[in-house]
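Engineer: Going by our numbering, the sequence shown opens with residue 316, and the numbers climb by one from there.
Heads up, the beta-carbon is just placed ideally off N, CA and C, and yes, glycines get one too.
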Amino acid sequence: MSDLRLGEFVGSLDCGTTSVRFIVFDQYANIIAQHQLEFPQYYPAPGWHEHDADEIQQVSNECVAEACRKLEEAQWAKESIRVIGVTNQRETTVVWSRSTGRPLCRAIVWTDSRTKNIVAHFEKILAATGIEIETGQFRRGVDGVEALREITGLGLSTYFSAIKLRWMIDNDDDVKRAYEADNLLFGTVESWIAYNLTGGASGGIHVGEVTNASRTLLMNLRTLQWDDRLLKFFGFRPSILPKLVSSSEVYGHVASGPLKGVPIGALIGDQQGALVGNKCFGQGEAKCTYGTGAFLLFCTGDDIVKSSHGLLSTVAYQPGPGAAPVYAVEGSIGVAGAAIKWLRDSMGFIKSAEEINTLAVSVPDTGGVYFVPAFSGLLAPYWDPGAAGLLIGLSAYTTPAHIARATTEANAFQTRAILESMKLDSKTDLKHLKVDGGMTNGDVCMEVLADVGGFEVVRPEMRESTALGSALLAGASIHLFGWDSSDPRTFAQVNTKGSKTFIPRLSDKERKRRWLMWLCAVERSKGWEKGSDE
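Structure, rendered in structure tokens:
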């Protein structure tokens with residue numbers, strides 16, 4: 316170590332849907348070292364999507380170790396990493412044994428839609444017997460769906476963790492036995508990672524962070540506490556739940572490995588992490604992250620904005636223990652980058668994800684083709700679990716290039732659909748949209764987004780915004796670099812190297828024509844699965 320320099324850096328463990336990366340940042344958001352690995356995806360039945368939680372943890376450990384090795388190759392001591400944060404795929408549901416610390420079954424991923432019948436079951440109960448907000452009692456005559464939305468900011472959907480957890484307890488014998496023996500622990504991915512980083516069954520902490528908890532259907536959006544009415548409604552005992560914590564505080568320390576003893580100072584859901592990483596702290600600022608799915612968050616400050624147009628109310632972040640939370644409205648797109656992977660892996664149209672830009676730009680338009688990538692139904696603002704993927708407008712003229720371009724347009728149309736809803740809810744027009752994520756690397760996708768949306772698209776030079784958000788909150792937890800998550804001005808020098816702005820070039824008339832055609836295609840895709848609304 317005597318030959319290595321000692322600096323001050325922040326580490327971020329970014330546990331996404333298909334890969335994990337560990338990134339080491341300096342105080343200006345320069346990347347000093349990083350390592351990324353993919354982990355297996357399991358699709359045991361149509362509509363099912365699973366992860367092995369042990370594999371996520373193993374890959375996480377490997378990424379940390381390899382990034383630390385690269386840091387030392389760059390002549391920096393690993394002790395330069397003063398604190399780490401964790402950011403994660405949300406809603407993905409993990410259950411493990413209290414006694415052994417081992418997963419009891421595979422995790423059910425946020426995209427999984429096997430639980431449609433459970434959603435329908437609870438919808439019928441809510442329609443017949445609602446939750447009375449003032450008294451907390453269940454009784455007839457109360458609008459149960461609206462009562463649920465009032466408490467959680469969410470509607471009933473296969474998307475959220477409580478529905479997935481209910482399926483696990485009802486359908487997996489190991490999970491059921493553990494639950495009956497009070498040997499079951501539940502958490503989303505940040506909870507599982509924090510548990511293992513701090514020792515697992517040998518003293519690991521069982522905590523859940525509020526932005527992730529706000530996606531479970533079990534947390535009260537106002538009190539930031541688990542809600543007893545919802546536990547009763549879904550049939551869960553409190554002992555399985557993690558202790559709720561803020562987005563920025565020291566929860567514990569890494570128990571082993573190259574970062575042993577380093578404090579864990581941030582936990583945050585990936586999309587909220589990207590909101591922080593894009594420094595969208597002010598009311599009315601918005602970002603969209605394009606990864607496997609796409610997620611658009613619009614900061615509403617201290618206000619919980621109740622959407623009447625298919626969006627979700629959610630916690631953006633909580634700056635520290637006991638601090639007032641910042642809220643957002645969100646629109647979630649189930650399939651964004653996943654559609655490009657489908658073109659690559661299933662259809663064989665491209666050999667790498669980057670090739671979609673070359674293929675799409677080889678034609679001037681889609682040749683009349685529209686693609687609705689509803690592989691697991693449609694999320695915001697449609698919320699139709701019975702919708703099916705649809706390619707329409709095909710003809711003998713259609714080539715893979717047209718389909719590639721239709722895929723980039725599908726991403727843009729889905730984004731516009733959410734922004735149209737946000738405009739109706741907030742009564743304001745969005746002047747520009749900050750973007751990040753893997754899909755934003757290609758200029759073609761961003762040009763199409765600006766053209767279809769009719770707004771400016773702002774792409775920062777350093778686009779690891781999700782990881783950066785957790786790094787900022789982690790640094791703030793120990794006041795590194797003078798960062799303070801309750802004072803956005805302290806982040807003024809972070810990630811200021813520049814950005815690229817994409818300007819709409821399409822005529823208003825052509826933009827409107829394409830938009831109306833997209834809406835027709837969406838209507839054709841809805842309700843494909845018979846009985847999906849029963």
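For W507, which of K431, G584, V460, M534 has the nearest alpha-carbon?
Structural biologist: The option with the nearest alpha carbon to W507 is G584.
Engineer: Tell me which residues share the same chain as V684 and place their Cβ nearer than 7 Å to its Cβ, disregarding the 5 neighbours each side in the sequence.
Structural biologist: Same-chain partners within the cutoff: L706, G708, L709, T713, H717, I718, A721.
Engineer: My guess is that A589 and T604 are in contact by the Cβ rule of under 8 Å, so how many angstroms apart are they, rounded?
Structural biologist: At roughly 4 Å, the Cβ-Cβ gap stays under 8 Å, so A589 and T604 are in contact.
Engineer: Out of curiosity, what's the CA-to-CA distance linking W411 and R417?
Structural biologist: If I take the Cα positions, the gap works out to 5 Å.
Engineer: Looking at the structure shown, is V569 part of a helix, part of a strand, or coil, going by DSSP?
Structural biologist: Of the three classes helix, strand and coil, the one that applies to V569 here is coil, per DSSP.
Engineer: Look up S412 in the DSSP assignment and give the residues it is bridged to.
Structural biologist: Per DSSP, L499.
Engineer: With 8 Å set as the bound, which would you pick, yes or no: does the beta-carbon of V678 sit closer than that to a beta-carbon of chain D?
Structural biologist: Here there is only one protein chain, and chain D is not present.
Engineer: Specify the secondary structure class of T673 as computed by DSSP and reduced to three states.
Structural biologist: T673 falls in the helix class under three-state DSSP.
Engineer: Buried or exposed: where does N403 fall if 16 or more other Cβ atoms within 10 Å of its Cβ makes it buried?
Structural biologist: Label assigned to N403: buried.
Engineer: Rounded to a whole number of angstroms, what is the C-alpha to C-alpha distance between T723 and T755?
Structural biologist: C-alpha separation (whole angstroms): 11 Å.
Engineer: Let's see if you can read the secondary structure: which residues bound the alpha helix (DSSP H) around N434?
Structural biologist: It should be noted that the sequence gives Val, not Asn, for residue 434. Run containing V434: 431–443, per the alpha helix (DSSP H) assignment.
Engineer: Using C-beta distances below 8 Å, list every residue in its chain close to C378, excluding the 5 sequence neighbours before and after it, in chain order.
Structural biologist: So the qualifying residues of the chain are L328, V335, R336, F337, H350, Q351, L352.
Engineer: Could you work out which residue in Y494, G576, L546, A496 is closest to T513 when comparing CA atoms only?
Structural biologist: Among Y494, G576, L546, A496, the Cα nearest to that of T513 belongs to G576.
Engineer: Using a 10 Å radius around the Cβ and a threshold of 16 neighbouring Cβ atoms, would you call Y632 buried or exposed?
Structural biologist: Y632 should be labelled buried.
Engineer: May I have the straight-line CA-CA distance separating A639 from D617, to the nearest angstrom?
Structural biologist: Whole-angstrom Cα-Cα distance: 8 Å.
Engineer: Rank V325, G769, T430 by C-alpha distance to the C-alpha of P700 and give the top, closest one.
Structural biologist: Cα-wise, what sits closest to P700 is T430.
Engineer: Does the beta-carbon of P361 have 16 or more other beta-carbons within 10 angstroms, so that it is buried, or is it exposed?
Structural biologist: It counts as exposed.
Engineer: Would DSSP call Y357 helix, strand or coil?
Structural biologist: The answer is strand: DSSP assigns Y357 an E or B state.
Engineer: Could you check if S661 is buried or exposed, using at least 16 other CB atoms within 10 Å of its CB as the buried criterion?
Structural biologist: So S661 counts as exposed.
Engineer: Is the beta carbon of I423 closer than 8 Å to that of E505?
Structural biologist: Contact: no.
Engineer: Going by the CB atoms, is the gap between S561 and P634 shorter than 8 Å?
Structural biologist: Yes; because the gap between Cβ atoms is below 8 Å, this pair is in contact.
Engineer: Distance, Cα to Cα, S847 vs F501?
Structural biologist: With a pLDDT of 44 at S847, under the threshold of 50, the modelled position of that residue is not reliable, and the figure given next carries that caveat. The straight-line gap from Cα to Cα measures roughly 28 Å.
Engineer: DSSP has T402 in a bridge; who is on the other side?
Structural biologist: DSSP, once it has assigned bridges, lists D329, I583 as partnering T402.
Engineer: Name the two residues that bound the continuous beta strand (DSSP E) containing A609.
Structural biologist: Counting along the chain, the beta strand (DSSP E) containing A609 begins and ends at 609–616.
Engineer: Distance, Cα to Cα, E849 vs P819?
Structural biologist: Only weak support is given to the placement of E849: the predicted model assigns it a pLDDT of 44, under 50, and the question is left unresolved by the model.
Engineer: Put M737 into one of helix, strand or coil per three-state DSSP.
Structural biologist: Note: M737 maps to helix in three-state DSSP.
Engineer: Would you mind stating whether L694 and S647 have Cβ atoms separated by less than 8 Å?
Structural biologist: A contact, by the Cβ cut-off of 8 Å.
Engineer: Just verifying my parser: in three-state terms, what is the DSSP assignment at S628?
Structural biologist: If DSSP states are grouped into helix, strand and coil, S628 belongs with the strands.
Engineer: What residue from T805, L471, S800 has the CA that sits closest to L545's CA?
Structural biologist: Comparing Cα-Cα distances from L545 to each of T805, L471, S800, the minimum goes to L471.
Engineer: Within 10 Å of its beta-carbon, does R384 have 16 or more other beta-carbons around it, so buried, or fewer, so exposed?
Structural biologist: Flag for R384 reads exposed.
Engineer: Contact defined as beta carbons within less than 8 Å: I believe G790 pairs with V325. What is the distance between those atoms, to the nearest angstrom?
Structural biologist: About 5 Å separates the two Cβ atoms, so the contact holds.
Engineer: Helix, strand or coil: how does DSSP classify T730 here?
Structural biologist: Helix.
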